[in-house]
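Novice:
Numbering (the numbering used here), first residue to last: 80 to 352.
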C-alpha cells in the first residue's frame, strides 16, 4: 500500500530472483473498517518511487480506485476459515477487502509468482486459501519478516510512534522470543504459551490478541505439535501493531519455518519463474 520501508524493498529484491518484478502500490479502501486509518495512512508515492529506482523493477503499477474497482459495486470475495480469529475478530470485513483487491490485481497484472511478507501471516494464509480453492494460476511465496535492530517488525505504521512509544513497541517481539524460549525449554502446553505471550505485552496500551494456532487445522492448540503460529497484536500509542513466529514444533525440537510450501522458490531462483 505504499509508504515503503526496508521490509517492502526486501520483497522486491527476493522477487527479482524469480523473474521480472511488477510492484503494485495501491491504498485499498475496502480493507479498512469504520474508524480505521484509511485517511491518515501515509501516501508518499514520489518517495516510494525513489526507493524503488535502485531495484529497477520492470514496472510500478499505481492504479486509482476506479482502475481497480470500476464505477461502483461489484463482486466481493469472502474469505474461508483462516479469516476466523486473530485480526478477523476485530476487523470482520478486512479480509474480504484484501481478497477482493488481490484477486483484481492478479487479474490486471497476471503474475506467475506473488511475494508477500510473513509479518502478515493471517493475510498470507487467507490469500493462499483463495488461490488454491479458486485454482488461480499464481504461486505464492511468503518472505521472512524484516526487523529493526531491536527486533521490532518493520511496518509503515511504525511512523506513527513517538520515541517513547517506539521503545514500548518492542514488547511484541520480546513476547514472541520469551514464548519461543519456553518452547525450546520443553513447554508444550498451548494455554501456557498463549498466557506467556499475553503477559509479555504488558507495556502496550492494550492487548488485541495473543494466540497459538495450528497452521494446518487453524485450531487453537492444547498440546503443541507440528506447524504452529504464535501471533500477537497490540495497540501502542496511535498504532495497532502485529507480529508472529512460525514454528515447526516436535516433542524434542523447535525450528522456525515458512507459512507456505513454495518458499523453496527463493532458494532455487529463476528456474521456477
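Note that beta-carbon positions come from the ideal geometry of N, C-alpha and C, so glycine has one too.
1. Taking DSSP's pairing of strands, which residues face residue 327 in a bridge?
2. Do residue 320 and residue 255 count as a contact pair if the criterion is CB distance below 8 Å?
3. Under a Cβ-count criterion, where at least 16 other Cβ atoms within 10 Å of its own Cβ denotes burial, should residue 265 be classed as buried or exposed?
4. So residue 110 and residue 205 are supposed to be a Cβ contact under 8 Å. How far apart are they, rounded?
5. Determine the extent of the beta strand (DSSP E) in which residue 293 is found, giving its start and end residues.
6. Measuring alpha carbon to alpha carbon, tell me which of 194, 295 and 156 ends up nearest residue 101.
7. Is residue 158 closer than 8 Å to residue 182 when the C-beta atoms are compared?
8. Report the rounded CA-to-CA distance for residue 277 versus residue 329, giving the unit in angstroms.
9. Only counting the same chain, and skipping five residues up and downstream in sequence, which positions put a Cβ closer than 8 Å to that of residue 269?
10. Could you tell me the alpha carbon to alpha carbon distance between residue 168 and residue 314, rounded to whole angstroms?
11. Is residue 213 buried or exposed, if buried means 16 or more other CB atoms sit within 10 Å of its CB?
12. Taking all protein chains shown into account, do 16 or more other C-beta atoms lie within 10 angstroms of the C-beta of residue 154, making it buried, or fewer, making it exposed?
Specialist: Reading from the atomic positions:
1. Here residue 327 refers to the residue found at position 248 of the chain shown. Answer by DSSP bridge pairing, in chain order: 306 and 334.
2. For the purposes of this step, residue 255 is identified with residue 176 of the chain shown, where counting begins at 1. For the purposes of this step, residue 320 is identified with residue 241 of the chain shown, where counting begins at 1. Result no, Cβ atoms of residue 255 and residue 320 do not sit closer than 8 Å.
3. Here residue 265 refers to the residue found at position 186 when the chain shown is read from its first residue. So residue 265 ends up on the exposed side.
4. Locating residue 110 in the chain shown gives position 31, where the first residue counts as 1. Locating residue 205 in the chain shown gives position 126, where the first residue counts as 1. Not confirmed; about 11 Å, so no contact.
5. Against the chain shown, residue 293 aligns to sequence position 214. Segment 285 to 293, the beta strand (DSSP E) holding residue 293.
6. The residue given as residue 101 occupies position 22 in the chain shown. Closest option to residue 101, Cα to Cα, is 194.
7. Taking the first residue of the chain shown as position 1, residue 182 is located at position 103. Taking the first residue of the chain shown as position 1, residue 158 is located at position 79. No.
8. On the chain shown, position 198 is the one that residue 277 refers to. On the chain shown, position 250 is the one that residue 329 refers to. Going by the C-alpha atoms only, they are around 23 Å apart.
9. One-based indexing of the chain shown puts residue 269 at position 190. Result list for residue 269: 291, 299, 300, 301, 302 and 303, in chain order.
10. Here the question's residue 168 lines up with position 89 in the chain shown. Here the question's residue 314 lines up with position 235 in the chain shown. Those two C-alpha atoms are separated by around 15 Å.
11. Taking the chain shown and counting its residues from 1, the one referred to as residue 213 is at position 134. Counting Cβ neighbours within 10 Å, residue 213 comes out exposed, since fewer than 16 surround it.
12. The residue labelled residue 154 in the question sits at position 75 within the chain shown. Result: exposed.
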